[in-house]
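Only one structure is covered here, and it is reproduced in the block below.
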Amino acid sequence: MSGQPTGERPSLGEDEAKVPGQGPGQGQPGQPGQPGATDEQAREQQTAAIAAITAATGARDVPGTSPGVVGGAAAVAESERAVAAQAGVEQTVEQRSGRIHQIEPDEHSPLNALTSVISADFRRALLATLLACAALGLSYAAGGVLTNTPAKVGFFSRHSAIGHAAAIGGAVLFLIFGVVAVRSATGEILKTVPSSLGDNRKAGLRWVCLLVGYLIVIFGTLGALNVPIERLLLGGAVTGVILGIAAQQSLGNVFAGLMLLLTRPFAIGDEISIRSGSLGGVLTGLVADMNLTYVKLVTDNGTVLLPNAAILSAVIGPPGVFG
Numbered sequence: 001m002s003g004q005p006t007g008e009r010p011s012l013g014e015d016e017a018k019v020p021g022q023g024p025g026q027g028q029p030g031q032p033g034q035p036g037a038t039d040e041q042a043r044e045q046q047t048a049a050i051a052a053i054t055a056a057t058g059a060r061d062v063p064g065t066s067p068g069v070v071g072g073a074a075a076v077a078e079s080e081r082a083v084a085a086q087a088g089v090e091q092t093v094e095q096r097s098g099r100i101h102q103i104e105p106d107e108h109s110p111l112n113a114l115t116s117v118i119s120a121d122f123r124r125a126l127l128a129t130l131l132a133c134a135a136l137g138l139s140y141a142a143g144g145v146l147t148n149t150p151a152k153v154g155f156f157s158r159h160s161a162i163g164h165a166a167a168i169g170g171a172v173l174f175l176i177f178g179v180v181a182v183r184s185a186t187g188e189i190l191k192t193v194p195s196s197l198g199d200n201r202k203a204g205l206r207w208v209c210l211l212v213g214y215l216i217v218i219f220g221t222l223g224a225l226n227v228p229i230e231r232l233l234l235g236g237a238v239t240g241v242i243l244g245i246a247a248q249q250s251l252g253n254v255f256a257g258l259m260l261l262l263t264r265p266f267a268i269g270d271e272i273s274i275r276s277g278s279l280g281g282v283l284t285g286l287v288a289d290m291n292l293t294y295v296k297l298v299t300d301n302g303t304v305l306l307p308n309a310a311i312l313s314a315v316i317g318p319p320g321v322f323g
């Protein structure tokens, strides 16, 4: 009867007939001697791999054949390029917003070496000197203030009011920048003085540097204003003679202190012997302090203050040298 199962086995197909002893639907994947099942397993593995690539890269319409694998690899490469581009954009944004740490300069570069050698005082003194020279040139170009000296520049000659203002302004700027330059240069000079010189000697050297620098600035300012410096020098010479006679002893000690500062026959902490007729014989002791006028000497009998002028004219040696 049709439509009812019978006991007869259906005829084998051509593919099944080629495999002896193998019935339909009895082949197990992976068993030897079953090429059909092996091809099906390979297709399943290939499809699973393509599905994994598609899920990882977001690729669409990946075919289940070998060209699909190539398409998946291309999708991976495209995804990597997109990630790299996104990273570049984020880095650019961070650079513009200042969130990326700046690259530290090389400590051994020539610029850093030059910066480490040139101190802040030196740079300040150099800049102030250049600005002071520019201000002095402006004042000279604008003509005098206290005298009727014609201006060196035609513009200032045609506009006398502007010329006078420029001359006064240049002189004032020269005075300001000159003072800054003198103080900065003095600080730079004191840095080169060895520490063994002592604080008192450093103070004396600082006083000398400031005095010389301020004198230069004052005379430069007066020259910028066209003040007759010759008359001032003549009057200053007369005044200096009077002051020199009145303060001969004090000035002598000051200049003697400067000479001791430069020659350095002894230092603070040294034990010395001094023989001088003005000091009453030989003195032996420890140098405790020095300044522009006196030297403090600690002896066995107490502490004495010796004038610098007397020490400069005395004989100095180690203890016991004079017997």
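Numbering (UniProt numbering), first residue to last: 1 to 323.
Glycine is no exception: its CB is placed at the ideal position from the N, C-alpha and C atoms.
On a predicted model such as this, the values are computed, not experimentally measured, just so you know.
Residue environment analysis places residue 237 among the exposed positions, since fewer than 16 neighbouring C-beta atoms fall within 10 angstroms of its C-beta. Apart from sequence neighbours up to five positions away, the residues of its chain that approach residue 124 with a beta-carbon distance below 6 angstroms are 184, ordered along the chain.
If you draw a straight line from the Cα of residue 312 to the Cα of residue 141, it is about 49 angstroms long.
Looking from the CA of residue 171, the closest CA among 234, 215, 222 belongs to 222.
For residue 271, the beta-bridge partners assigned by DSSP are 286.
Beta-bridge analysis with DSSP links residue 294 to 307.
Across the structure, residue 168 and residue 225 are spaced so that their CA atoms are roughly 7 angstroms apart.
Residues of the same chain with their beta carbon placed closer than 6 angstroms to that of residue 245 are lacking, with the five preceding and five following residues left out of the count.
The alpha helix (DSSP H) runs of length 4 or more contained entirely in the stretch 174 to 262 are, from start to end of the chain, 199 to 224, 229 to 246. Comparing alpha-carbon positions, the option among 233, 129, 122, 231 lying closest to residue 175 turns out to be 129. Residue 230 and residue 243 have their alpha carbons spaced roughly 20 angstroms apart. From the listed residues 266, 216, 192, the smallest Cα separation to residue 182 is found for 216.
Taking C-beta separations shorter than 6 angstroms and ignoring five residues to either side along the sequence, residue 258 has no partners in its chain. Annotated three-state conformation of residue 278 is coil, per DSSP.
For residue 137, the enclosing alpha helix (DSSP H) begins and ends at 120 to 142.
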